[in-house]
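Using the numbering used here, the first residue of the sequence shown is number 9, and each one after it goes up by one.
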Amino acid sequence: MIIYFSGTGNSKLLAHYLAEKLNDKIIDLGSVIDKPEKWHFSSKSPFVFVCPIYAWQIPRKISQILANATFEGNDAAYFFVTMGGQYAAADKYIYKILSNKLNILGFKGITMPDNFTIVFKAPVEDEAIACIKRSINDVDRYIEMIKDRKLLPSSDHHFWDNFLSETINNCFYRFMLDSCSFGCNDNCIKCKQCINDCPCKNITLKDNKIAFGNNCMFCLKCINLCPVKAITYKNKPLKKGNYKCPEIEKITS
Ligand SMILES: Cc1cc2nc3c(=O)[nH]c(=O)nc-3n(C[C@H](O)[C@H](O)[C@H](O)COP(=O)(O)O)c2cc1C
Ligand code: SF4
Ligand code: SF4
9 MIIYFSGTGN SKLLAHYLAE KLNDKIIDLG SVIDKPEKWH FSSKSPFVFV
59 CPIYAWQIPR KISQILANAT FEGNDAAYFF VTMGGQYAAA DKYIYKILSN
109 KLNILGFKGI TMPDNFTIVF KAPVEDEAIA CIKRSINDVD RYIEMIKDRK
159 LLPSSDHHFW DNFLSETINN CFYRFMLDSC SFGCNDNCIK CKQCINDCPC
209 KNITLKDNKI AFGNNCMFCL KCINLCPVKA ITYKNKPLKK GNYKCPEIEK
259 ITS
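Below, the structure is given as structure tokens:
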């Protein structure tokens with residue numbers, strides 16, 4: 009069973025690729041992320057998790073779901089995070105959350121185009137496709153190992169990884185994750201895509217204007233995917249371009 013969350017599509021692409029190659033079913037946590045009940049997952053095949061890295065950790069809302077979830081059917085698990093370049097000590101926290109429920113046979117960071125476009129320049133489509141194709145070559149190796157339920161090779165840690173995944177991650181949630189920083193300019197065509205797409209149901213139409221609440225997880229789906237680039241961050245539109253993961257057909261062709 010492939011269980012995933014994705015903001016701008018990188019993790020979704022990887023999850024669908026894994027599901028196809030492993031001939032397994034797929035569950036999207038994004039559609040019901042704030043569901044209050046406990047999640048229960050049942051699978052005879054290994055549980056394969058896929059989600060992005062936010063500030064050197066998996067998104068907090070995803071950790072919370074996994075920490076409360078129960079699993080049955082088998083105990084083998086693999087974890088893939090998609091990232092711009094570094095997950096630091098995110099794996100340690102995953103082991104903490106899941107190792108009393110599942111036998112984690114591997115944790116891998118898969119480098120994908122960076123969607124943190126409020127800071128970094130958005131990759132153009134050709135660069136994005138080339139980056140994903142390189143990473144998918146590694147994933148193919150891991151897929152063969154998952155089929156045999158083998159242990160994936162682990163990666164080394166640097167001494168500053170805990171600092172990034174703990175101290176800086178806490179700062180990110182304390183100071184940066186402020187959904188009031190998102191706004192909407194007059195380019196908005198009221199298509200409601202952002203309202204329908206927001207995994208946290210944090211966007212509404214109030215007095216015929218797009219409004220943001222206080223339940224943001226900073227996935228950047230709204231600001232990256234708005235068709236007319238009407239969403240602003242700190243009153244400015246993205247200057248460095250918008251990012252949307254390319255279609256899977258462009259990667260596999
Ligand atoms: C709020 C935020 C924080 C991020 N922090 C990191 C990070 O610490 N390390 C990293 O390598 N990439 C980071 N990224 C980049 C994403 O992890 C990466 O682009 C990921 O593949 C996006 O997945 P998605 O398209 O499935 O949402 C961050 C992205 C966002 C939106
Ligand atoms: S996606 Fe963009 S254009 Fe559509 S409603 Fe939201 S802000 Fe407006
Ligand atoms: S408001 Fe935008 S960035 Fe925040 S959770 Fe919703 S889609 Fe993601």
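Ideal Cβ placement from N, Cα and C applies to all residues, glycine included.
Return yes when the C-beta of residue i is under 7 Å from any heavy atom of ligand 1, and no when it is not.
| i | result |
| --- | --- |
| M91 | yes |
With a CB to CB cut of under 6 Å and the five nearest residues on each side skipped, what residues in its chain are close to residue i?
| i | result |
| --- | --- |
| W47 | I73, A77 |
Is any heavy atom of ligand 3 found at a distance shorter than 7 Å from the C-beta of residue i?
| i | result |
| --- | --- |
| G15 | yes |
| D205 | yes |
| L159 | no |
| L246 | no |
Between which two residues does the beta strand (DSSP E) containing residue i stretch?
| i | result |
| --- | --- |
| L213 | 211-214 |
| E80 | 78-80 |
| C192 | 190-192 |
| D36 | 34-36 |
Quick one, are the C-beta atoms of residue i and residue j less than 8 Å apart?
| i | j | result |
| --- | --- | --- |
| I239 | C202 | yes |
| L246 | D205 | no |
| I259 | K141 | yes |
| A84 | L106 | no |
| A63 | F167 | no |
| D26 | I144 | A quick correction: the sequence has Leu, not Asp, at residue 26. Cβ distance not < 8 Å, so L26 and I144 don't count as in contact. |
| I61 | P207 | no |
| L22 | F115 | no |
| S53 | M9 | yes |
| Y12 | D32 | no |
| F220 | C188 | yes |
| L30 | I218 | no |
| T90 | I118 | yes |
Can you give me the Cβ contacts of residue i inside the same chain, cut-off strictly under 7 Å, excluding the 5 residues immediately before and after it?
| i | result |
| --- | --- |
| A130 | K248, G249, N250, Y251 |
| S50 | E80, G81 |
| L185 | C224, F226 |
Using a Cβ-based criterion (distance less than 7 Å to any ligand heavy atom), does residue i qualify as near ligand 2?
| i | result |
| --- | --- |
| V127 | no |
For residue i, I'd like the list of residues in its chain whose CB is within less than 8 Å of its CB, leaving aside the five on either flank, ordered along the chain.
| i | result |
| --- | --- |
| F128 | G92, D122, K248 |
Can you tell me where the alpha helix (DSSP H) holding residue i begins and where it ends?
| i | result |
| --- | --- |
| S50 | From DSSP, S50 is part of no alpha helix (DSSP H) but of the beta strand (DSSP E) over 48-50. |
| L246 | Element bounds for L246: n/a, residue is neither H nor E. |
| T260 | 256-260 |
| N18 | 18-30 |
Item checked: Segment contact flag, the region 161-171 with the region 85-100, C-beta cutoff 8 Å, min 3 pairs -> yes
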